[in-house]
Amino acid sequence: MAQVMEGKTLAEKIKAEVKAEVRRLQAESGQVPKLVGILVGENKASEIYLRTKEKTAQSLGIVSEIRRFPQSLSQEELIDQLRILNEAPEIDGLLVQLPLPPKFETNRVIEAISPEKDVDGFHPLNLGRLFMNEEGLRPCTPAGIIELLKFYGVSLEGQEVVIIGRSLIVGKPLAAMFINENSTVTICHSRTRNLAGIASRADILVAAMGRPAYVQPELVKEGAVVVDVGINYVSEASFIEKIFGDDPKKRQDLQEKGYTIVGDVHPAAREKASFYTPVPGGVGPLTVAMLMQNTLLAFKRRRQLG
Ligand code: GUN
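Counting with the working numbering, you get residues 1 to 306 for the letters of the sequence shown.
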């Protein structure tokens, strides 16, 4: 019987630790961390994610705000804004919610964030440090995946890991983290030949390509650990019924919200796993918890607090 790796328990534990540390440092120094999230244009999912980040930060004693800019903002104007926020002494953490509207060059924008405030861990300096296995601000979703696997006692050393998806946000940094844990790592993507042959070798299979229910049972080795990073908004009832049958929760979502969230792993594929992460409630809660941990780390480093 496959065991569920739910993310909420560990996320709550991490957040409680951050909260206690924020309180201790405030008592000692009179200072509190501040996190600023930037949203450019209108994107419903981004709005939800950023509000969750803001609310979570505030619940831990971290000062937090969202800066919203219209789609008409130019890249130069956005970079100018980032320069101002980089210089603001009271701001410890700075993130630009992705994806940006298509006219922006995401890499140029990320490079404009001060590495010491880059709580997403996407700046080239922080990614470079990760590849060098140095301490630093680590991308949140991959860091959360590693923490969740450790929490459930999954051993990483010497394991064959296959990651499907090569994004800057998940696939690439996660590969570096697994290498740092002495795993053997393969990244697959849309141009990979024989994806099923490679994926089905994996002791640990990570699905992070953003395609609903893409990972079918034939991609999963019996007893593998399956991590589902997909958050896909699906509104077609026929697609949901084909995948989940008559699932009351999914039906209720479709009726009430007009969509339901589906991971990258087909439910039938989970049955072959020894452990799997659900969607929602698996990897998701860890991402925000790790962001809070990064914000605390940036605060302590910038202000030289111990
Ligand atoms: N979009 C999806 N995931 C992330 C993330 O971790 N950080 C940012 N900034 N945008 C995202």
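Idealized CB from N, CA, C, for every residue including glycine.
Cβ of residue i within 8 Å of Cβ of residue j?
{"i": "A208", "j": "I163", "result": "yes"}
{"i": "F244", "j": "A2", "result": "no"}
{"i": "V206", "j": "H266", "result": "no"}
{"i": "L156", "j": "N182", "result": "yes"}
{"i": "E6", "j": "G282", "result": "yes"}
{"i": "L25", "j": "L305", "result": "yes"}
{"i": "R55", "j": "L291", "result": "Note that residue 55 corresponds to Lys in the displayed sequence, not to Arg. No, the pair does not count as a contact, with Cβ atoms beyond the cut-off."}
{"i": "R83", "j": "A112", "result": "yes"}
{"i": "E222", "j": "K272", "result": "yes"}
{"i": "L174", "j": "I204", "result": "no"}
{"i": "P115", "j": "N107", "result": "no"}
Work out the CA separation of residue j and residue i for me, nearest whole Å.
{"i": "E21", "j": "P285", "result": "20 Å"}
{"i": "R302", "j": "G136", "result": "12 Å"}
{"i": "T141", "j": "S29", "result": "30 Å"}
{"i": "A289", "j": "V18", "result": "9 Å"}
{"i": "D120", "j": "L130", "result": "12 Å"}
{"i": "M132", "j": "A16", "result": "30 Å"}
{"i": "T192", "j": "A199", "result": "11 Å"}
{"i": "I110", "j": "D246", "result": "43 Å"}
{"i": "R23", "j": "G61", "result": "7 Å"}
{"i": "R201", "j": "C188", "result": "12 Å"}
{"i": "M177", "j": "A143", "result": "8 Å"}
{"i": "G197", "j": "G41", "result": "41 Å"}
{"i": "R71", "j": "P101", "result": "Residue 71 is actually Gln in this sequence, not Arg. Roughly 7 Å between the two C-alpha positions."}
{"i": "G128", "j": "F122", "result": "10 Å"}
{"i": "I383", "j": "Y49", "result": "The displayed coordinates of the chain run from 1 to 306. Any statement about residue 383 would go beyond what the structure contains."}
{"i": "L73", "j": "S167", "result": "25 Å"}
{"i": "F239", "j": "Q252", "result": "15 Å"}
{"i": "K8", "j": "K103", "result": "36 Å"}
{"i": "G258", "j": "V279", "result": "18 Å"}
{"i": "A57", "j": "E90", "result": "15 Å"}
{"i": "E160", "j": "G171", "result": "15 Å"}
{"i": "V229", "j": "G210", "result": "8 Å"}
{"i": "L98", "j": "F299", "result": "23 Å"}
{"i": "V227", "j": "N294", "result": "22 Å"}
So, helix, strand or coil for residue i, using DSSP?
{"i": "D118", "result": "strand"}
{"i": "G144", "result": "helix"}
{"i": "F310", "result": "The chain is shown from 1 up to 306; residue 310 falls before or after that span and cannot be answered."}
{"i": "R303", "result": "coil"}
{"i": "F104", "result": "coil"}
{"i": "R201", "result": "coil"}
{"i": "R67", "result": "strand"}
{"i": "A207", "result": "strand"}
{"i": "D253", "result": "helix"}
{"i": "N232", "result": "strand"}
{"i": "S34", "result": "Sequence inspection shows Lys at residue 34; the Ser mentioned does not correspond to that position. Looking at K34 - three-state DSSP - the assignment turns out to be strand."}
{"i": "Y276", "result": "strand"}
{"i": "E77", "result": "helix"}
{"i": "I62", "result": "coil"}
{"i": "L39", "result": "strand"}
{"i": "Q308", "result": "With the chain represented from 1 up to 306, any question about residue 308 goes unanswered, as that position is not in the structure."}
{"i": "E90", "result": "coil"}
{"i": "E160", "result": "strand"}
Count the other C-beta atoms from every protein chain shown that fall within 10 angstroms of the C-beta of residue i, then say buried if there are 16 or more, exposed otherwise.
{"i": "K250", "result": "buried"}
{"i": "E147", "result": "buried"}
{"i": "K117", "result": "buried"}
{"i": "A45", "result": "exposed"}
{"i": "R51", "result": "exposed"}
{"i": "R138", "result": "buried"}
{"i": "P33", "result": "buried"}
{"i": "A237", "result": "exposed"}
{"i": "A27", "result": "exposed"}
(message) Would the region 32 to 48 count as touching the region 94 to 102 if we require 3 or more Cβ pairs under 8 Å?
(response) A contact exists between the region 32 to 48 and the region 94 to 102.
(message) Assess contact between the region 256 to 270 and the region 227 to 241, defined as three or more Cβ pairs (one per stretch) separated by less than 8 Å. Is contact present?
(response) The answer is yes - the region 227 to 241 touches the region 256 to 270, with three or more Cβ pairs under 8 Å.
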